[in-house]
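This note's numbering numbers the first residue of the first sequence as 1 and each following residue consecutively.
A virtual CB, placed ideally from N, CA and C, is assigned to each residue, including glycine.
Because the structure is a prediction, the values reported are computed rather than measured.
What follows is a set of notes on a single structure, which appears directly below.
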Amino acid sequence: MQIKQELDALFQEALTEMGIDEPVSSVVEAGKPEFGDYQFNGAMALAKKLGKNPRQIAQEIVDHLPETPMLSETSIAGPGFVNLRLDGNWLAAELQKSGGDERLGVGRVEDPIRVVVDYSSPNMAKEMHVGHLRSTIIGDSLANLLSFLGNDVIRQNHIGDWGTQFGMLIAYLEELGEGAEGNLKDLEEFYKAAKRRFDEDEAFANKSREYVVKLQGGDVRCLELWEDFIDKSLGHCEEVYSKLHVGLTREHVKAESSYNEELAQIVEDLKEKGLLQESRGARVVFIEGDENPLIIQKSDGGYLYATTDLAAIRFRVHTLGAKRIAYVVDARQAGHFQQVFAVARKAGYAPEDVKLEHVSFGMMLDKSGRPFKTRDGGTVKLIQLLDEAVERAKGAITQRDAYSEEEIEKIAEIVGIGAVKYSDLSINRESNYIFDWDRMLSLEGNTSLYQQYAYARIRSILRKYGKEIEGTLRLEDELQRRMGLKLLQLEDVLRSAARDAMPHYITSYLYDLATIFMKFYETHPILRDDVPEELRQSRLLLAKQTADTLRMALEILGIQVLERL
RNA sequence: GCGCCAGUAGCUCAAUUGGAUAGAGCAUCAGACUUCGGAUCUGAGGGCUAGGGGUUCGACUCCUCUCUGGCGCACCA
C-alpha cells in the first residue's frame, strides 16, 4: 500500500476536474500531528500562477476531491494548506489486509530493472579493515532492499586482486614454500613481512618485479601462486561476511583482474571514438569543465583503475544489462567517479537510460572525531572489531533466563553485530560517522537493541497467548490510529529509501514504530483478564503486525531478531 | 591555488528535499514498578540552524559572500 500515491491520485483527479493541468507538488506527511496525517501544499504555488487567492483555490480543490473512504477529514489552514486525516476504519481494514500478506502489503515495483550494486570491494593484498565496513553494510542493505522491491539485483564484489604488490606477495609466498600456510593466517603480517623483504633485499625486490611481469604475461607457475594467494585472502573475507551476516559469496566476486583483457580494447575504442588524447606521455580523456583529464593509460603503458572501472561499466551495461549501477564507495572518490561516469557517457558505455550513481559515505571516526585507528595508529582489522562487538554484547545482555554458553554466544552475536550494522545504517550515510561502542550497544534511543527488545516483547505475548488470532482489527483510539498509520506507511518508506539509497529512512521509521508500540504496550493491556475478548484480538493483531514489520524491515537491513533476549 | 563536501541543543543525530511553532536520543532534573519482559513509560529545561546579504506568500533547505573543519586535485587502487 502506497498511501501517498493514492492521495496524489485523488488530488490529481480534483485538479483535472477543475481544468488545471499545472504540475503540482505531491502530498507529504503532515509536519505536526495536530494538522492531520498528510498535507497538500500545492495550493499556494497554484494560486500564484493563476493569480487567485490560495485559500480559495484550496477550498475549490477540496470541493472537487472525489468521494473516498480513505479520508475522514479535510481542512484548510494557514495560507492554504490542505490538511488530511485518514479514516480510522479505512486504516483498520487496510491493515487487516496487509497483515495477512506475507510481504505485509508491500508491492513490487511496476517497472523492475536490473541493478548492479558494487560494494565491499576489499583489496586482496591486505586484510579487511574498518574502512570496508561501511561499504559492506550499506551496500548489502541496499541490495537487499532493491531486491525485495522486485528488482533484479546483481551484487558485485569488485575485489582488488591485481597490481604490482602481488608480484611481491607471491614471491614471498614461494619463498616460504611449505610453511606459508600458517603465515597467511594473518594477511596483515604477511604483507608487512613481504614488504620488509622487498625493502631490505635487492634480489627479492627484483624477483618481485619480475613476477609482476610474469603474472601479466600469463606465466603458469606465477598464476598458480597468485590464485592460491587470492583464494586464501578471499577466505578471510568470507569469514568476515559470514560474521557480518552479509550476503556476499564467491559467486558475487567479479575481480579487477577479470577485466585485464579488455583494457587494451577500451583504449582502442576510446581512440576510435576520438576521445583519447596524448598528454605528458600518458593517454587521457579530457572532460569539459575539468582541468585534469582522466588517465586511461600511463606513459609506461600500464593501466589504471579508471580503465578497469570503464571496462566494468561496459560489462555491467552491455553484458549484464544493468539499468542502474550503484557504487557504494567512500566520499573521497567522488571526483574519480564523476570523471569515470562522464567518460562512460561520452564513450557510450552507459547510455542515458542507465543510472550511474555513487552511493557515497563519510569516514568512520572514533569517539573523539579522529580517523578510526588502533592505539598505536594502525588500521583496525574488521574481524577484530566484530569480535569485540560480540564480546561487548555479552556484557550488555542482562540474563532473564538461564542460558547455556552456546545460547549466550548466539544472542551476543546477533545483538553485537546488529548493533554495529544498525548504528552505521541509522545515520545519513553522507556524513562522517562517529563510531561509539557505548552508544550503539545502549538499551535506549535509536538502537538495534531497542528494536530487538520490542520484537522480543511482542513475541513473548504471542507465545503466551499461544492460539491463532482470529478477530477483527479495530483502531480504538488516537494512539492506535497513529500506530496503524505507521504500519501502513511501510511501503512508502521502503520505496523512498530505495530511490535515494538511504537506509536511514528505514531505521528512523522503525524507531518511530517501536516507540509508538512501547507507548501502546504501557497503556493497553492485551492478555490481562479484564480485557474484553474483542479488544484482545484486535490488540493482538496490532502487536503481531508490529513484530512482523520490525522483523521484515530489519531483515532487509541485514539485522536479525530474536524470539527471546 | 582550484574544486567538492560539511557546519543544526553540551554530545550523537533527524527534519518527508521550499511548508506551519526545527524534532529525537544521550546527558541533567522531576515522576511511574503487585512487569502481558522496567532493557520500559510520563514530564521539564536546553536553539539567532556558523555569520552577513539576497530570492518569495514561506528558507536548516535555493543563490551569493565570509569564517571554520574535512577531503580531493596525472600516471597508487
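- Take histidine 236, set aside five residues on each side of it, and the residues of its chain with a beta-carbon closer than 8 Å to its own are Glu127, Met128, Leu187, Ile383, in chain order.
- Proline 54 sits in a helix when the DSSP states are folded into three classes.
- Taking a 10 Å sphere around the C-beta of valine 117, we find 16 or more other C-beta atoms and assign the residue as buried.
- The Cβ atoms of glycine 100 and serine 120 lie no closer than 8 Å to each other.
- About 5 Å separates the Cβ atoms of methionine 364 and phenylalanine 435, confirming a contact at the 8 Å cut-off.
- Approximately 19 Å separates the beta-carbon atoms of valine 561 and tyrosine 465; this is outside 8 Å, ruling out the contact.
- In the three-state reduction of the DSSP assignment, arginine 528 falls in the coil class.
- Alanine 419: member of the alpha helix (DSSP H) spanning 405-425, first to last residue.
- Here the alpha carbons of asparagine 83 and leucine 542 stand approximately 26 Å from one another.
- The C-beta of serine 404 has fewer than 16 other C-beta atoms within 10 Å across all chains shown, which makes the residue exposed.
- With a 10 Å radius around the Cβ and a threshold of 16 neighbouring Cβ atoms, threonine 546 comes out buried.
- Looking at the DSSP output, glycine 160 bridges to Asn123.
- Of the residues Leu65, Leu294, Glu22, the one whose Cα lies closest to the Cα of lysine 48 is Glu22.
- As DSSP reads the structure, isoleucine 325 sits in a beta bridge with Val116, Leu356.
- In this structure, tryptophan 162 sits near serine 257, with a CB-CB distance shorter than 8 Å.
- About 6 Å separates the beta carbon of alanine 171 from that of phenylalanine 204, a gap short enough to meet the 8 Å contact definition.
- Two segments are said to touch when three or more pairs of C-beta atoms, one from each, lie closer than 8 Å; by this definition the stretch 85-93 does not touch the stretch 292-308.
- The DSSP-derived three-state label of methionine 168 is helix.
- Pairing isoleucine 61 with arginine 55, the inter-Cα distance amounts to about 10 Å.
- With contacts defined by Cβ atoms closer than 8 Å, leucine 565 and glutamine 452 form a contacting pair.
- Looking at the backbone, the Cα of tyrosine 450 and that of isoleucine 313 are separated by about 41 Å.
- Judged by DSSP in its simplified three-state form, proline 33 adopts helix.
- For the set Phe520, Asp512, Arg474, Ile230, the Cα lying nearest the Cα of serine 426 is the one of Asp512.
- Assignment of beta-bridge partners to glutamine 277 by DSSP yields Val284.
- Taken through DSSP and simplified to helix, strand or coil, valine 267 comes out as helix.
- Look at the stretch 175-252 and you find these whole runs of alpha helix (DSSP H), each 4 residues long or longer: 180-183, 187-200, 202-216, 220-244.
- One thing to note: glutamate 491 has its Cβ within 8 Å of the Cβ of glycine 107.
- A Cβ-Cβ distance of about 13 Å is found for the pair glutamine 165 and alanine 193, leaving them out of contact under the 8 Å criterion.
- Residue state for isoleucine 434 is assigned as strand, using DSSP reduced to three classes.
- For glutamate 291, the secondary structure class from DSSP, reduced to helix, strand or coil, is coil.
- For isoleucine 20, the CB contacts under 8 Å within the same chain, skipping 5 residues up- and downstream, are Leu46, Leu50 in chain order.
- About 4 Å separates the Cβ atoms of aspartate 87 and serine 72, confirming a contact at the 8 Å cut-off.
- Note on geometry: alpha-carbon atoms of leucine 244 and leucine 385 lie some 11 Å from one another.
- Per the DSSP secondary-structure output, proline 371 pairs in a beta bridge with Leu365.
- Closest in alpha carbon position to isoleucine 113, among Gly150, Asn144, Leu142, is Gly150.
- In this model, lysine 195 and aspartate 201 are separated by some 10 Å (Cα to Cα).
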